Amino acid sequence: MKVQITVDGKTNWIEGQSIEHILEQCGYPIESVILLKEGSVVVEDDISDHDAVELLPVASGG
Amino acid sequence: MRCRCGRTAVYHRRQSGQYLCSTCFSKSIHSKFRKTIRAYNYIKKGDTIAVALSGGKDSTVLLHLLWDLQKDRPFEMAAIIIDEGISNYREKTIGAAVKNCNTLGVESHIFSFEQEFGITIDACDPNVCSHCSFCGVLRRYLLNQKARELGAGKLAVGLNLDDEVQSVLMNFLRGDLFRFGRTGPSYTESPHFVPRIKPLRTILEKEVMLYAVLARIDVDHSVCPYASEALRGDIRDFLDSMESKRPTTKYSLLKSYDRLVPYFQEQFTCPISLCSRCGEPTVGTVCKTCSMLEAIKKMKER
Numbered sequence: 001m002k003v004q005i006t007v008d009g010k011t012n013w014i015e016g017q018s019i020e021h022i023l024e025q026c027g028y029p030i031e032s033v034i035l036l037k038e039g040s041v042v043v044e045d046d047i048s049d050h051d052a053v054e055l056l057p058v059a060s061g062g
Numbered sequence: 001m002r003c004r005c006g007r008t009a010v011y012h013r014r015q016s017g018q019y020l021c022s023t024c025f026s027k028s029i030h031s032k033f034r035k036t037i038r039a040y041n042y043i044k045k046g047d048t049i050a051v052a053l054s055g056g057k058d059s060t061v062l063l064h065l066l067w068d069l070q071k072d073r074p075f076e077m078a079a080i081i082i083d084e085g086i087s088n089y090r091e092k093t094i095g096a097a098v099k100n101c102n103t104l105g106v107e108s109h110i111f112s113f114e115q116e117f118g119i120t121i122d123a124c125d126p127n128v129c130s131h132c133s134f135c136g137v138l139r140r141y142l143l144n145q146k147a148r149e150l151g152a153g154k155l156a157v158g159l160n161l162d163d164e165v166q167s168v169l170m171n172f173l174r175g176d177l178f179r180f181g182r183t184g185p186s187y188t189e190s191p192h193f194v195p196r197i198k199p200l201r202t203i204l205e206k207e208v209m210l211y212a213v214l215a216r217i218d219v220d221h222s223v224c225p226y227a228s229e230a231l232r233g234d235i236r237d238f239l240d241s242m243e244s245k246r247p248t249t250k251y252s253l254l255k256s257y258d259r260l261v262p263y264f265q266e267q268f269t270c271p272i273s274l275c276s277r278c279g280e281p282t283v284g285t286v287c288k289t290c291s292m293l294e295a296i297k298k299m300k301e302r
């Protein structure tokens with residue numbers, strides 16, 4: 001599958017076997033991000049080929 | 001994907017295999033939070049709780065959950081906000097913290113490193129000690145001192161499950177067994193220490209973040225500019241990777257640790273005295289805060 005990933009305002013098309021695989025390639029294990037599609041929170045199962053997904057990294061603060 | 005109630009799922013709790021909608025997810029967080037409060041008898045009717053509030057997601061979610069708990073279990077609550085002096089970072093988080101206190105009608109008190117110690121984190125020399133070590137020591141000192149002065153019986157901190165297991169591994173890797181016994185669910189060293197309570201310690205950081213997003217809580221998501229210095233970051237990456245491959249890793253680690261804590265607390269204790277300079281509790285003659293401030297002063301004089 002191929003997904004458009006936006007994180008911290010930067011957008012890239014990333015290809016992988018699954019959304020987990022794509023996230024790993026971006027340096028984000030599935031447990032470290034929240035996924036947004038069209039501005040709404042979604043689960044990884046609801047991401048399809050050619051979707052545009054925004055990542056919200058969980059880590060913040062000190 | 002659908003939640004078992006039929007609504008669209010927004011969260012896949014991989015540890016249990018559940019798919020949860022926004023409503024069921026939110027209920028589950030309230031339930032976990034209240035279960036932890038009950039399990040450790042953290043809050044009793046009539047208690048006075050000081051909340052260590054940064055304006056970030058963890059402490060702000062904690063403030064909101066405690067505020068909600070007040071409806072069923074009356075207790076007094078006030079927020080302590082510490083300004084460590086980190087430019088382009090702390091101003092935003094303090095703004096968010098104050099805004100949340102005003103929205104909920106919670107009294108807030110701001111104390112700064114500059115006012116209390118005459119130094120900011122930005123001005124701290126990393127050759128003396130890392131920004132994170134300096135910040136951690138001074139912040140804990142100030143939170144304890146101010147909570148006590150405000151008459152709080154307990155200090156609530158927003159440490160989540162990830163924070164807890166990261167600390168466990170850090171102390172283990174450093175061979176710091178004394179501290180290993182002090183990371184537990186509750187710890188009271190001396191009457192001069194306000195007992196710290198951690199009502200979010202069984203909730204994953206991702207779930208705290210998601211709760212804040214779904215409840216539209218106004219939090220600041222900035223990352224501290226000095227955070228990359230910390231060993232904690234490496235351990236966080238390792239644990240996130242493990243949890244993604246083997247869900248429940250973090251829960252298992254916390255559960256194992258909680259079973260070991262009583263042993264460590266019994267085996268590795270040291271008498272608490274009062275610092276000869278400032279009068280605050282310490283395990284030595286001079287507390288860590290006074291030692292660090294002295295080292296920085298000497299470095300400046302050179």
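If you're matching them up, the sequences are chains A and B in order. Read in our numbering, the first sequence has 35 at position 35, and its numbers run on one by one without any break. Read in our numbering, the second sequence has 10 at position 10, and its numbers run on one by one without any break. Ideal placement from N, C-alpha and C gives every residue a C-beta, glycine not left out. Everything numeric in this text was worked out from a predicted model, so none of it was measured.
Counted as a single uninterrupted DSSP element, the beta strand (DSSP E) harbouring residue 57 of chain A occupies residues 52–57.
For residue 202 of chain B, there is no enclosing alpha helix (DSSP H), as DSSP marks it with neither H nor E.
If you draw a straight line from the Cα of residue 65 of chain B to the Cα of residue 299 of chain B, it is about 44 Å long. With respect to the 7 Å criterion, residue 47 of chain A and residue 19 of chain A are classified as neighbours on the basis of their beta carbons.
In the same chain as residue 167 of chain B, and ignoring 5 residues on each side of it, the C-beta atoms closer than 6 Å to its own belong to 183, in chain order. Of the residues assessed, residue 177 of chain B falls on the exposed side of the cut-off, its CB having fewer than 16 other CB atoms within 10 angstroms. Residue 2 of chain A is bridged by DSSP to A/15. According to DSSP, residue 281 of chain B shares a beta bridge with B/274.
About 6 Å separates the beta carbons of residue 21 of chain B and residue 8 of chain B, which is inside the 8 Å limit, making them a contact pair. If you draw a 10 Å sphere on the C-beta of residue 201 of chain B, you find 16 or more other C-beta atoms in it, and that means buried.
If you check each beta-carbon in the stretch 214–226 of chain B against every beta-carbon of chain A, the ones closer than 9 Å belong to 214, 219, 220, 221, 222, 223, 224 and 226.
Taking residue 245 of chain B as reference, the option from A/8, A/11 and A/32 with the minimal CA-CA separation is A/32. Listed along chain B are 1, 9, 12 and 19, each with a C-beta nearer than 9 Å to that of residue 45 of chain A. Taking the C-beta atoms as reference points, residue 164 of chain B is found nearer than 7 Å to residue 254 of chain B.
Contact between the stretch 22–42 of chain B and the stretch 211–221 of chain B is present: three or more C-beta pairs spanning the two stretches fall below 8 Å. Taking 7 Å as the cut-off, the beta carbon of residue 173 of chain B is found no closer than this to the beta carbon of residue 204 of chain B.
If you look at residue 11 of chain B, you'll find it in the beta strand (DSSP E) that goes 11–13. Ranked by Cα distance from residue 82 of chain B, the first of B/132, B/94 and B/71 is B/94. For residue 39 of chain B, the enclosing alpha helix (DSSP H) stretches over residues 22–39. Under a criterion of Cβ atoms nearer than 8 Å, the residues of chain B adjacent to residue 34 of chain A are, in order, 206, 209, 210 and 213.
The continuous alpha helix (DSSP H) containing residue 147 of chain B extends over residues 131–149. When the five nearest sequence neighbours on each side are left out, the beta carbons in the same chain lying within less than 7 Å of the beta carbon of residue 275 of chain B are those of 282, 286, 287 and 290, in order along the chain. Within chain B, the residues whose beta carbon sits less than 7 Å from that of residue 60 of chain A are 56, 57, 221, 222 and 223, listed in sequence order. For residue 58 of chain B, the uninterrupted alpha helix (DSSP H) segment begins and ends at 57–69. Under DSSP, residue 77 of chain B forms a beta bridge with B/49. Considering only beta carbons, the part of the stretch 242–253 of chain B lying closer than 7 Å to chain A consists of 243 and 244, in chain order.
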